[in-house]
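Here is the structure we will look at, set down as structure tokens.
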Amino acid sequence: MKKLLTVLVALLMVLCLAGCGAKEEEAAGPKEVNIGVCIYQFNDNFMTLYREEIAKYFDALSNDEVKYNVEIVDGKNDAATQTEQINTFIAKGVDALIVNMVQPSTIEAVEDAAEEAGIPVVFINREPAEAEAHQYGANQCYVGAKAQESGTYQGMIVYDLPNHGDLNGNGKVDYVMIMGDVNNTDAQYRTEYSIKYLTDNGVEVNKLLEQTGNWDQAQGQEIAANALSNFGAEIDVIFCNNDGMALGAYQSIVAAGREVGKDIYLLGVDALDECVEMVNAGTMTGTVLNDAVGQATACCDAVVGFLAGEDVETYQYVPYVMVTKD
Ligand code: BGC
31 MKKLLTVLVA LLMVLCLAGC GAKEEEAAGP KEVNIGVCIY QFNDNFMTLY
81 REEIAKYFDA LSNDEVKYNV EIVDGKNDAA TQTEQINTFI AKGVDALIVN
131 MVQPSTIEAV EDAAEEAGIP VVFINREPAE AEAHQYGANQ CYVGAKAQES
181 GTYQGMIVYD LPNHGDLNGN GKVDYVMIMG DVNNTDAQYR TEYSIKYLTD
231 NGVEVNKLLE QTGNWDQAQG QEIAANALSN FGAEIDVIFC NNDGMALGAY
281 QSIVAAGREV GKDIYLLGVD ALDECVEMVN AGTMTGTVLN DAVGQATACC
331 DAVVGFLAGE DVETYQYVPY VMVTKD
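Under this note's numbering, read the sequence shown as residues 31 to 356, first letter to last.
Right, dumping it as structure tokens:
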């Protein structure tokens, strides 16, 4: 009997050790890091490039030791949808959040919720008003670009034309401004600073129309089509707050039988590949590189920095670059 017991105990010990060993093996995989990424809307050319870069970056960073699981969700340009998505990520206990606010004016609610849950957040691309005065919480930062700069570059491109943009020779630059989302600081500053550069340099301007196209190509096309039919040859320049809307405006320019560079000028921001090609072909007057790769890299570096417990710079601005035909 005693012998039998000893054998049984020994058997149990062996089984237990084998079991423990298996468990250890299971746990020996790479450390999983979960990152929740909230994009204001997937249907946005620039933010599409941006989110693809974020995914690529964390893919490249994953190895045998650490695996980054990146979940990217579409806020569908709806604040309530985005709030729910952020709350879900927080409830799941993600290790870090990247947030492209649908409504930057409500940023504090996100900051508070994340801080309470101890989750670092990198806000990207959409800043609250009074951006420089905005105080982020601990383990939070903003990565973007100074929109004033992009507006100034648009103005500079027009100013540098031999006629300073006055194609029809009536002594002033008659322009149409197709704006992004009016509540967005990028849209506000680009609208203001493109014109400011011209007026600061003594160029007279005449605003024929200023209308929001919500960053959207189809809306850009429609606004330009109406402007071209209402103002015809009066229009010297169509400024678009982004390339998406400029692509739409270009379709209407062609449909109206006008020719960029010859009887109208067209400006955008972002330097999407197709727009850079157009600039080189002369079918777009100029654009400004909004560096999606640079911003995505800075944003992911910030996440990695927070996770490593490092000090991360709170306000990070990636420079814009002027793009003209050389
Ligand atoms: C980009 C736009 C984009 C917007 C979204 C801007 O910085 O230039 O193309 O639609 O961000 O917030």
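Glycine residues also receive a C-beta, built at the ideal position from the N, C-alpha and C atoms. Here the structure is a predicted model, which is why all the values come from computation and not from measurement.
What are the boundary residues of the beta strand (DSSP E) that residue i is part of?
i      : result
ALA254 : Here ALA254 belongs to no beta strand (DSSP E); instead the alpha helix (DSSP H) covers 247–261.
LEU319 : 317–319
MET308 : No beta strand (DSSP E) contains MET308, which is instead part of the alpha helix (DSSP H) from 303–311.
Rounding to the nearest angstrom, what Cα-Cα distance links residue i and residue j in this structure?
i      : j      : result
ALA285 : GLN241 : 20 Å
GLY185 : PHE153 : 28 Å
GLY181 : TYR219 : 7 Å
ILE283 : GLU179 : 27 Å
GLU55  : GLU95  : Annotation note: pLDDT 49 at GLU55 (below 50); position unreliable, no value reported.
ALA126 : LYS226 : 39 Å
VAL342 : ASP266 : 45 Å
GLU114 : ALA139 : 12 Å
TYR166 : THR229 : 35 Å
Assuming contact is defined by CB atoms lying nearer than 9 Å, are residue i and residue j in contact in what I supplied?
i      : j      : result
ASN13  : MET207 : Not covered by the structure: residue 13. The range shown for the chain is 31 to 356.
ASP89  : ARG156 : no
GLY22  : LYS355 : The first residue shown for the chain is 31 and the last is 356, placing residue 22 beyond what the model contains.
LEU302 : VAL351 : no
ALA328 : VAL348 : yes
TYR87  : ALA254 : no
ILE102 : ILE137 : no
PHE72  : LYS106 : yes
List the endpoints of the continuous alpha helix (DSSP H) containing residue i.
i      : result
PHE72  : That residue, PHE72, is in no alpha helix (DSSP H); it is neither H nor E in DSSP.
GLN178 : 177–189
LEU277 : 273–285
ASP230 : 215–230
GLY174 : No alpha helix (DSSP H) holds GLY174; the beta strand (DSSP E) holding it covers 170–174.
GLU145 : 137–147
ASP331 : 322–337
Hey, is residue i close to ligand 1, as in C-beta under 8 Å from one of its heavy atoms?
i      : result
ALA360 : No information on residue 360 is available, as it lies outside the stretch 31 to 356 that the chain covers here.
VAL299 : yes
TYR70  : yes
ARG81  : no
MET308 : no
PHE76  : yes
ASN320 : yes
ASN99  : no
By Cβ distance below 8 Å, which residues in the same chain neighbour residue i in space, the five residues on each side in sequence not counted?
i      : result
MET314 : ALA276, TYR280, VAL290, LEU296, LEU297, GLY298, CYS305, MET308
ALA263 : ASN198, ASP293
With a threshold of 6 Å on Cβ separation, who are the neighbours of residue i within its own chain once the five nearest residues in sequence on each side are excluded?
i      : result
GLU340 : none
TYR345 : TYR172
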